[in-house]
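Asks: Got a structure here, written out as C-alpha cells. Questions coming.
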Amino acid sequence: MKAILSAALLAVAMPAMVPTAALAQSAPAKPKTLQYLDATLFQPVLILPAPVAKDMPANARELAMLHQLIAGASPQRLKQAYQDAIHEDPAVFNETLGVDLKKLPATWELLEIVNHESAVVASIAKDHFHRMRPYSADASLPFCEGKADPAKPAYRSYPSGHSTLGYAVGVALARLLPAKADRIMDRAQDYAMSREYCGAHYASDIQASEVIGTLAATLLLNDPRLADKVAAARVELNRI
C-alpha cells in the first residue's frame, strides 16, 4: 500500500496552484472550511487507496501487527505515545528544535495555517472512507488513552489526524529550516508512529496521513498568498 500512496503523492504534489477565496475570520475559533487549499485536489478517491474492509484478512493482519508492536514496546515508548496523544498542535516539535514555537509569532501563525488546512482535508478523507478505529474493531487491543473519546467517532480511523499534523507541520518546518530537516522529519515520523503504539490507528492510516500531510504542506508553502508569511517564518527560524 505504501508504494501506491507514494505514487499518488507524486502524481499530485505540485499541480498549478488554484487560488480559492480566503474566508473572513470574524471569530477566534478556527473555521472548519478550507481557506487556502483547493478541495478538488484532495478528493479522497484521487489521492488515497481505500482502506481494507474490516472483515478482510489484510485487516486482521494489521490488527495482529498492532498487538505485536504494543506488546514489544518499552514502558517509555508507551508513555511517549500517551503524551503525543494528548498534545496535538505544532508545539510537538518544540523539543526537536530547542525552541518554544509559540514565541515565534510569524512561524506559529504559518504552522497553525498548515495544521488547520491539513486537518480539514484529513477530515474529508475520514468521512469518505469511514474506517473503524482498531480499538473499536478489537476490544482486546490496548489503547493508551484508556477509553474512547466521544468526540472521536469510531468510524474515522483513515487517515490519522495526529499523524497528518505531524507530517504536514514537519514537512513545512523541514522546508523552512533545511539544516535541521533530518531531525524534524524523524520527529514527524516518530509522532505518527505514536498512534500505532497507542492502539489508536492502523499502519495504513499513518501512511495515508503522510500523503495528505506532505501534499498539503507542499502546496501551502508554494501558495503565493502565503509568501510573506513563509518568508517571515523562515527569518525567525533561521535565528534559532
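Mapping of the sequence shown onto this note's numbering: residues 991 to 1230, in sequence order. Think of the CB as a built atom: it goes at the ideal place given N, C-alpha and C, for glycine as much as any other residue.
1. Could you tell me the alpha carbon to alpha carbon distance between Lys-1092 and Met-1046, rounded to whole angstroms?
2. Which whole runs of the alpha helix (DSSP H) in the region 1021-1069 are 4 residues long or more, in chain order?
3. How would you label Pro-1095, buried or exposed, when you count the other beta carbons within 10 angstroms and need 16 or more for buried?
4. Who are the Cβ neighbours of Ala-1029 in its own chain at under 6 Å, not counting the five residues just before and after it?
5. Which of helix, strand or coil does DSSP assign to Ile-1076?
6. Nearest to Asp-1195 by CA position, among Leu-1227, Ala-1115 and Ala-1222, is which residue?
7. Would the beta-carbon of Leu-1053 be found less than 7 Å away from any heavy atom of the ligand SAH?
8. Between the C-alpha atoms of Ala-998 and Ile-1037, what's the straight-line distance to the nearest angstrom?
9. Are the CB atoms of Ser-1199 and Tyr-1145 within a distance shorter than 8 Å?
10. Counting only C-beta atoms, is Ser-1199 closer than 8 Å to chain B at any point?
11. Going by DSSP in three states, Asp-1117 sits in which element: helix, strand or coil?
12. Are the Cβ atoms of Tyr-1125 and Gly-1189 separated by less than 8 Å?
Replies: Well, looking at it:
1. Here the question's residue 1092 lines up with position 102 in the sequence shown. Here the question's residue 1046 lines up with position 56 in the sequence shown. Their backbone Cα atoms lie some 44 Å apart in a straight line.
2. Qualifying alpha helix (DSSP H) stretches, in chain order: 1034-1037 and 1047-1061.
3. For the purposes of this step, residue 1095 is identified with residue 105 of the sequence shown, where counting begins at 1. By the neighbour-count rule (16 or more Cβ atoms within 10 Å), Pro-1095 is not buried but exposed.
4. Translated into the one-based positions of the sequence shown, residue 1029 becomes position 39. Taken in chain order, the list of residues that qualify is empty.
5. Position 86 of the sequence shown, counted from the start, is the residue given in the question as residue 1076. Here Ile-1076 sits in coil by DSSP.
6. As a first step, residue 1195 is located in the sequence shown; it is residue number 205 there, counting from the start. Answer by Cα proximity: Ala-1115.
7. For the structure depicted, the ligand SAH is absent and the ligand set is empty, with no information on it obtainable.
8. Residue numbering aside, residue 998 sits at position 8 when the sequence shown is read from its first letter. Residue numbering aside, residue 1037 sits at position 47 when the sequence shown is read from its first letter. Because Ala-998 sits at a pLDDT of 45, beneath the cut-off of 50, its placement in the model cannot be relied upon, and the following sentence gives the value as read from the coordinates. For Ala-998 and Ile-1037, the distance between alpha carbons rounds to 5 Å.
9. Within the sequence shown, numbered from 1, the residue matching residue 1145 stands at position 155. Within the sequence shown, numbered from 1, the residue matching residue 1199 stands at position 209. The Cβ atoms of Tyr-1145 and Ser-1199 do not sit closer than 8 Å to each other.
10. Here chain B cannot be found, since the structure has a single protein chain.
11. Within the sequence shown, numbered from 1, the residue matching residue 1117 stands at position 127. Correct three-state label for Asp-1117: helix.
12. In the sequence shown, residue 1125 corresponds to position 135, counting from 1. In the sequence shown, residue 1189 corresponds to position 199, counting from 1. Their beta carbons are under 8 Å apart, which means Tyr-1125 touches Gly-1189 by this criterion.
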